[in-house]
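This report refers to the structure that appears directly beneath it.
Number of protein chains: 2
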Amino acid sequence: MAPKMTTSSYAVLALLDLKPWTAYELTNQAQRSLRYAWPKSERLLYSEPKKLVELGFATTHQEKRGGRTRNVYAITTEGRDALREWTHTRTQPPRLEIEALLRLLFADHGSQEDLLRALDEFESDIGEHHQAIVELMASYLDGGHPFPQRTHLSVLFATFQIEMFKTIEQWIEFARGEIDEWPATRDLGMTPRTETLTRLLAQDQSPLNP
Amino acid sequence: MAPKMTTSSYAVLALLDLKPWTAYELTNQAQRSLRYAWPKSERLLYSEPKKLVELGFATTHQEKRGGRTRNVYAITTEGRDALREWTHTRTQPPRLEIEALLRLLFADHGSQEDLLRALDEFESDIGEHHQAIVELMASYLDGGHPFPQRTHLSVLFATFQIEMFKTIEQWIEFARGEIDEWPATRDLGMTPRTETLTRLLAQDQSPLNP
DNA sequence: ACTTGATACTGCAACTTGCAGTATCAAGAT
DNA sequence: ATCTTGATACTGCAAGTTGCAGTATCAAGT
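These protein sequence lines are chains A and B, in that order.
As numbered in the working numbering, the first sequence has no gaps in its residue numbers, which increase by one up to the final residue, 276.
As numbered in the working numbering, the second sequence has no gaps in its residue numbers, which increase by one up to the final residue, 276.
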């Protein structure tokens, strides 16, 4: 039976449309550019191009790079047609997996230090990428975009990421302040501070930017 | 071989610590409370409690509810110990899957309308939950929290969600404005507007809240 | 000559999801 | 009084995805 095109298949196909890549290069590219939109494992990025070849959406040929062979994948006309079709289909709902927030929800099983450590880890994961994006933008100003005609898309996406990261970092700082006021993690319930917070949220107001 | 405890296993175990549930009730609870921290399928929420029983972290007994039987799961002392251990372990990095952003990155395969539709879908997915959280907070003020002693945790988590949703909604509005200025989706490259944006981002400044 | 890190790729077990299917019961519609 | 609908309750299975171990070559620095 013919394999099925998943969203991940289209993601890889769209990368192949930029230029031919080896699976190895795809893994690097996908890690860097898709990490905060459509994160995929190295393993999958090695499998997907094969599937695309089977479907006639890509071709492959071996190249010799200093004695070692490597499989280079390129998109076909059918592949480009498939990409155009894809843009008309329904988008999947967003999905956020943030274990640090799970730790927060169930923080009453550990100490405040445990919770703060989870927030630290969250912050450093986000901070790393935040910094990388800022540096990437600086490099774009020096004409460093690998596909200059696509700069408008990359930058609008980067805007999303920066806004997101800033919000998360602000919230983490705010959360630290709240947690520091706690006498414990368990059984606090509706404290005066929590009540103030709840009132703001019930009116859809931001407690961080009042 | 003994099954392995995953983060999802701990999530279920933590829910069981609140009170005994049937798998069916767990699916509802997890959908409502964990959807934006640790989203899990109905199928998994039926499987995990069985695994917990096998590990000795939960017990199960059949209840008769009007002639129909149902399996109710409850946490054990060992389960509570396991939860306490869990709080000391390393947190996994966050993972955001947002197909609408993938559509943005590769918007040059479709029309502006295609891209705007993807953003609309993104907005309505977010908006639905945004509204639900606001209403939930209003209900907390009326003493509607199912586990009142845990209100401080729920509300701090809700703060995160509201901030996140607001930021996303603001960005979508901003992105619409940008896209409306485009003459096409393809080959725009570094337009004057994009350059202004890039300059701001390279200095880690928010283009939305200048 | 040797170690290290980048390049390049595969096999496999385990985790997770989506979907179809099965069945009972309560409540409202006809 | 029967019928439909929606909530409750659960399972099997195929397919998508990940993590990890393993294999191998090559370039560059020690």
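Every residue, glycine too, gets a C-beta built ideally from N, C-alpha and C.
The model shown is predicted, which means the values in this text are computed figures rather than measured ones.
Interface residues of chain B facing residue i [CB-CB closer than 8 Å]
i      : result
L82/A  : Result: empty, since nearest Cβ-Cβ is about 11 Å, beyond 8 Å.
F123/A : None at all; the shortest Cβ gap to chain B is about 13 Å.
Boundaries (first-last residue) of the alpha helix (DSSP H) holding residue i
i      : result
A241/A : T217 to E247
R169/A : E165 to L171
Q128/B : Not the alpha helix (DSSP H): Q128/B falls in the beta strand (DSSP E), residues A124 to R131.
T155/B : Neither: T155/B is in no alpha helix (DSSP H) and is coded neither H nor E.
P203/A : Note that residue 203/A corresponds to Met in the displayed sequence, not to Pro. Taken as a continuous stretch (DSSP letters only), the alpha helix (DSSP H) holding M203/A covers Q178 to L207.
S99/B  : A89 to L100
R265/A : P258 to A268
T72/B  : Where T72/B is concerned, there is no enclosing alpha helix (DSSP H), given that its DSSP letter is neither H nor E.
P115/B : E108 to E120
Residue i, enclosing beta strand (DSSP E) - first and last residue
i      : result
T135/B : R134 to I141
Chain-ordered neighbours of residue i on chain A, where CB pairs are closer than 8 Å
i      : result
Y206/B : M256, T264 and A268
R242/B : Chain A residues near R242/B: none, gap ~11 Å exceeds 8 Å.
L171/B : A80, S99, L100, A103, L219, S220 and F223
Cβ pair residue i, residue j closer than 7 Å
i      : j      : result
T88/A  : R136/A : yes
T157/B : E165/A : yes
E144/A : G176/A : no
P258/A : L266/A : no
V221/B : T260/A : yes
W104/B : A77/B  : yes
R163/B : R161/A : For the record, residue 163/B in the displayed sequence is Glu; it is not Arg. Yes. Within cutoff.
L118/B : F223/A : no
R215/A : G255/B : The residue you asked about is not Arg; residue 215/A is Gln in the sequence shown. The answer is yes: Cβ separation under 7 Å.
M203/B : A204/A : no
6 Å Cβ shell around residue i - same chain, five flanking residues per side excluded
i      : result
A173/B : L181 and T251
H196/B : F231
I238/A : L185 and E189
L167/B : none
Y112/B : A89
Chain-ordered neighbours of residue i on chain A, where CB pairs are closer than 9 Å
i      : result
K85/B  : Simply none; closest approach about 14 Å.
L168/B : T73, Y76, A77, A80, L100, A103, W104 and T157
S272/B : T225, I228, E229 and K232
G176/B : L149, R150, W152, T153 and H154
Contacts of residue i in chain A (Cβ-Cβ under 7 Å)
i      : result
T260/B : T217, H218 and V221
A140/B : Ordered by position in chain A, no residue passes the 7 Å Cβ test against A140/B, which lies about 17 Å from the chain.
D253/B : Q215
A184/B : T157
Neighbouring residues, chain B, relative to residue i (Cβ below 7 Å)
i      : result
R161/A : P105 and E163
D191/A : P159 and P160
E108/A : Within chain B, no residue comes near E108/A; the closest Cβ sits about 15 Å away, beyond 7 Å.
Residues that residue i contacts on chain B, provided the C-beta gap is smaller than 9 Å
i      : result
V200/A : L267, A268, Q269 and D270
D281/A : Outside the displayed span of chain A (67 to 276) sits residue 281/A, for which this structure offers no information.
E144/A : Here the premise fails: no neighbours, minimum Cβ distance about 14 Å.
E91/A  : The premise fails here: E91/A is roughly 17 Å from chain B at the closest Cβ pair, so nothing lies under 9 Å.
Beta-carbon contacts of residue i that lie in its chain and below 8 Å, excluding the five residues immediately before and after
i      : result
T217/B : Y206 and H211
Same chain only: Cβ atoms within 7 Å of residue i, ignoring 5 sequence neighbours per side
i      : result
A75/B  : Checking the sequence, you will find Ser at residue 75/B rather than Ala. So the qualifying residues of the chain are E114, K117 and L118.
A140/B : L82, P86, A124 and T125
Y90/A  : none
Problem set entry | Sufficient close CB pairs (3 or more, under 8 Å) joining the segment 225-238 of chain A to the segment 186-206 of chain B | These segments do not touch.
For this session: Check whether the segment 241-250 of chain B touches the segment 69-83 of chain B, taking contact to mean three or more Cβ pairs, one atom from each stretch, closer than 8 Å.
Result: As far as the Cβ criterion goes, the segment 241-250 of chain B does not touch the segment 69-83 of chain B, which means the pair count is below three.
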